[in-house]
Amino acid sequence: MKFWWVNHNGTHKQEIEGGYIWCPPTIKGGGIKETYNTLKLVQAGDVIFSYAKQKIGAVGIAKEHYAVAPRPGTSAHSGGGWAPNGWMVPIEWTVLDTPFAPADHSTVILPYMQEVNAPLKKTGGGKESVYLAHVPYDLGLLLQGLSSLTIDTDFSSSTSAEEEERKIAESNLPDTMKKRLMDARVGQGKFRQRVMGIEAKCRMTGTDDASLLIASHIKPWKDSTNEERLDGHNGLFLAPHIDRLFDRGWISFEDGGDLLISSDAARRALASWGLQTVGHVGSFSPKQAKYLAHHRKFVYGQAIGNR
């Protein structure tokens, strides 16, 4: 697993909502831009930090290697004289509840910004000339800690938990940050194991290969108590694309297992995945039902209200 930093001030909204990063193969006039070529180095499972408006506001996991793709049909991508085709990497983005400004942590971040293609200037501002930059492992761990986001490396890469923990321990991060990252990994590991003991597969797709599934909180992590965050009954094993719909409130479930769909867009997505006939996924236990009640009211309900 590698870490990357994308500066996409003008296109971040469209790329995060669309679930991708995209760049043209050349700059206007046909010149080569090294930090465009960098996109071709991203591999499935790599972690990308989204930087825009002077803050890191989202963290994503690359779902696949890059592919040639048409320029996105958004107004944000229409300027700049960009070529009609470019390179795209699909990203599973998570928007941070509390975006953070790297400039506020300049004493620990700026020492990593000495390379020509580093994403930040020495003054702490973003470099417009740099689109995508590789992030050293220690800095990636630091940014992960500042984001307060636990990255599910069981899904994002084949690197073992022991190897990840060894890398954290051997990093040059402050001891307080090492402890924060270690505690987060231990908590995620416990939660995942507990969900695995209750849910054997993704209820929507039937996938039972745990390495391909995400242990998703039913009642969102940010709304849960410390006890609820580790309660296996507050989790479902979901395929990544189903996890995205569930986390956004585009789908939910009745206690008896009936599928709830919030919008036509969600129906179209399910149909495109061949899941249009799924209507019932099996009953949930009373302990799971209390968390589903919260999801239906505050996550699914909010999605309904925003239509």
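Read in the working numbering, the sequence shown has 48 at position 48, and its numbers run on one by one without any break.
Beta carbons are placed, not taken as given, at the ideal position from N, Cα and C, and that holds for glycine.
Since this is a predicted model, take the numbers as computed values, not measurements.
Across which residues does DSSP place F298 in a beta bridge pair? DSSP lists no bridge partner for F298.
Quick one: residues in its chain with C-beta nearer than 8 Å to the C-beta of V278, no 5 flanking neighbours on either side, listed in chain order? Closer than 8 Å at the Cβ level, and outside the excluded window around V278, lie M204, L259 and L270.
Contact the segment 26-33 vs the segment 47-65: 3+ CB pairs below 8 Å: Counting Cβ pairs under 8 Å, fewer than three are found: no touch.
Whole runs of the alpha helix (DSSP H) within the segment 49-102, excluding any shorter than 4 residues: Runs found: 75-78.
Considering just the uninterrupted stretch of the alpha helix (DSSP H) at I261, what are its terminal residues? For I261, there is no enclosing alpha helix (DSSP H); the residue is found in the beta strand (DSSP E) stretching over L259 to I261.
Name the DSSP beta bridge partners of Y20, please? Note: Y20 sits in a beta bridge opposite P90.
Alpha-carbon to alpha-carbon, P119 and I276: The displayed chain sequence assigns Gln, not Ile, to residue 276. When rounded, the separation of the alpha-carbon atoms in Q276 and P119 is 43 Å.
Do the segment 64-77 and the segment 45-55 meet, that is, are 3 or more Cβ pairs less than 8 Å apart? Between the segment 64-77 and the segment 45-55 there are fewer than three inter-stretch CB-CB distances shorter than 8 Å, so the stretches are not counted as touching.
Taking the continuous beta strand (DSSP E) assigned at A384, which residues delimit it? Only positions 1 to 307 of the chain appear in the structure, and residue 384 is not among them; the question remains open.
Selected residue, minimal CA-CA separation from P220, among D208, D209, S211 and H233: Minimum Cα distance to P220 is reached at H233.
Which word fits V299, buried or exposed, when buried means at least 16 other C-beta atoms lie within 10 angstroms of its C-beta? V299 comes out buried.
To the nearest angstrom, report how far apart D264 and S216 are at their CA atoms. Computed Cα separation, rounded: 23 Å.
Would you kindly check if the distance between the Cβ of E15 and the Cβ of H8 is under 8 Å? At the C-beta level, H8 and E15 come within 8 Å of one another.
Skipping 5 residues on each side, what residues in its chain have a beta carbon closer than 7 Å to that of S158? Low confidence applies to S158: its pLDDT is 41, below 50, so where it sits in the model is not reliable, and the reading given next is rough at best. Excluding residues within five positions, none has a Cβ falling inside 7 Å.
Evaluate H295 with the Cβ neighbour count: other Cβ atoms within 10 Å of its Cβ, from every protein chain shown; 16 or more gives buried, anything less gives exposed. Around the beta-carbon of H295, 16 or more other beta-carbon atoms lie within 10 Å, marking it buried.
CB I218 to CB Y291, shorter than 8 Å? Yes.
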